[in-house]
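Take the sequence shown: its position 231, counting from 1, is numbered 230 in numbering that gives the first Met the number 0, and each next residue is one higher. Here a beta-carbon is modelled for each residue, glycine too, at the ideal position from N, C-alpha and C.
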Amino acid sequence: MEDSIENNQALMKPTNKKGKGADLIGGRKFGEIGHNRRPLSLIDQNCIANKRASSQKLAAEYANKKQCFPEEIERSQSYEGFGVWEDQDEPVPMFLDQRDMHMVEVQMEDIFEEPIIDIDVCDNENQLAVVEYVEDLYAYYRSMEQRSLVSPDYMKQQSDINEKMRSILIDWLIEVHHKFDLQRETLFLTVNIIDRFLAKQSVIRKSLQLVGLVALLLACKYEEVSVPVIDDLIFISDKAYSRSQILEMEKLMLNTLEFNMSLPTPYVFMKRFLKAAQSESKLDQMSFYLIELCLVEYEMLKFSPSFLAAASVYTAQCSIHGANQWSKTCEWHTKYSEDQLLECSRMIVGYHQKAGIGRLTGVYRKYNTLKFGYAAKNEPAKYRVEETNLILHNNS
């Protein structure tokens, strides 16, 4: 018995000696286990341990499984008596166990999962894009937007003005902004200043237009290179206010807002989210058209700037390209899933449907021009309203 054990151990021990007349394969005797060869059972165990390796490696192993493993089994059978050790009690490998095939299939789905695109890689050489810390900037914007939100029901404290008057004012300011050919960020900051001021200060009806003009003036001083002069503001108001009234209101608004003009508006998020959506000119114009429709609506104050920007981009995608356009890249950069945006998107589609009807048509007429690509002519995503209503009905 001891001689038999010693003979078996000798067969299992790796050796580099070439016996006379021996068949050689790769510089060793046929049947010997070299330093790089492992028993089949250990190969199986390593396959189990490495199931969560990289997706490409897993795909290759799974695709070639039927060709490779029978060959290994046949090879192990041909090695009987030549020192290949096998444990008869070794369990069936996981990939051969039918109970675990579902797990392999689920992991195979990850191989084809939509990747998150690096949207800043094309700007690595652009110093103005500040690629090194752009994500930190937007993390800061998100923290700041929570501090700059106004109460969505601040009109309750106003005794002489209401929501409709606010909508008329902003619709008119959008036209004034367009006539002066000002920057887009100037418009968003103007609306932000108006809402933050009205949330803190009671205003009589005849001074509401004055508040809008001064808010536009302050936003221009913050954003524009060339600022409209006070005489221009007096002219567009049909001389309803004097120079001294404009200056007095400017002091009041700055003191009320504590000179805080540097707050993230929907505009800063729009630029980032459109980049994540790999937007082209048509989608750009459509997204800004929808979000400017939202600026007019008082009820949209309940949404944060980043959420409103994401919903506008999403709704524009639905209008131009149809459903299933909200990519993993969009979701990662906006931090909002498609399901979260559905309700807000339904509201935006409603504004889109009635944009050219009624008195408040300033945004519609602005975007129904060649300069803005006739974005107002695009059909609303009506199916999105129907789907959302169906989901809400099923959940109720």
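In the DSSP assignment, residue 167 falls within the alpha helix (DSSP H) that extends over 162 to 178.
CA-to-CA, the gap between residue 156 and residue 367 works out to about 37 angstroms.
The C-beta of residue 318 has 16 or more other C-beta atoms within 10 Å across all chains shown, which makes the residue buried. Just measuring C-alpha positions, the residue of 162, 161 and 183 sitting nearest residue 288 is 183. Less than 8 angstroms separates the beta-carbon of residue 144 from that of residue 263.
Membership of residue 312 in the alpha helix (DSSP H) is indicated by the continuous run 304 to 320. Proximity of the stretch 284 to 298 to the stretch 234 to 249 falls short of the contact definition, fewer than three beta-carbon pairs being nearer than 8 angstroms. Around the beta-carbon of residue 302, 16 or more other beta-carbon atoms lie within 10 Å, marking it buried.
In the DSSP assignment, residue 185 falls within the unbroken alpha helix (DSSP H) covering 183 to 197. The C-beta separation of residue 116 from residue 328 comes to about 5 angstroms, placing the pair in contact by the 8 angstroms criterion. Judged by DSSP secondary structure, residue 286 falls within the alpha helix (DSSP H) whose first and last residues are 280 to 295.
Here the alpha carbon of residue 272 sits roughly 27 angstroms from the alpha carbon of residue 360. DSSP places residue 268 in the helix class (H, G or I) of the three-state scheme. One alpha carbon belongs to residue 275, the other to residue 135, and they sit about 16 angstroms apart. Going by beta carbons, residue 189 and residue 215 fall inside the 8 angstroms limit.
Around the Cβ of residue 331, a 10 Å sphere holds fewer than 16 other Cβ atoms; the residue is exposed. In the assembly as shown, residue 132 is an exposed residue. Its beta-carbon has fewer than 16 other beta-carbons within 10 Å. Straight-line spacing of the CA atoms in residue 326 and residue 314 works out to 13 angstroms. Annotation: residue 354 to residue 291 spans about 11 angstroms, alpha carbon to alpha carbon. The beta carbon of residue 169 sits closer than 8 angstroms to those of 190, 193, 211, 294 and 295, all from its chain and outside the five residues before and after it, given in chain order.
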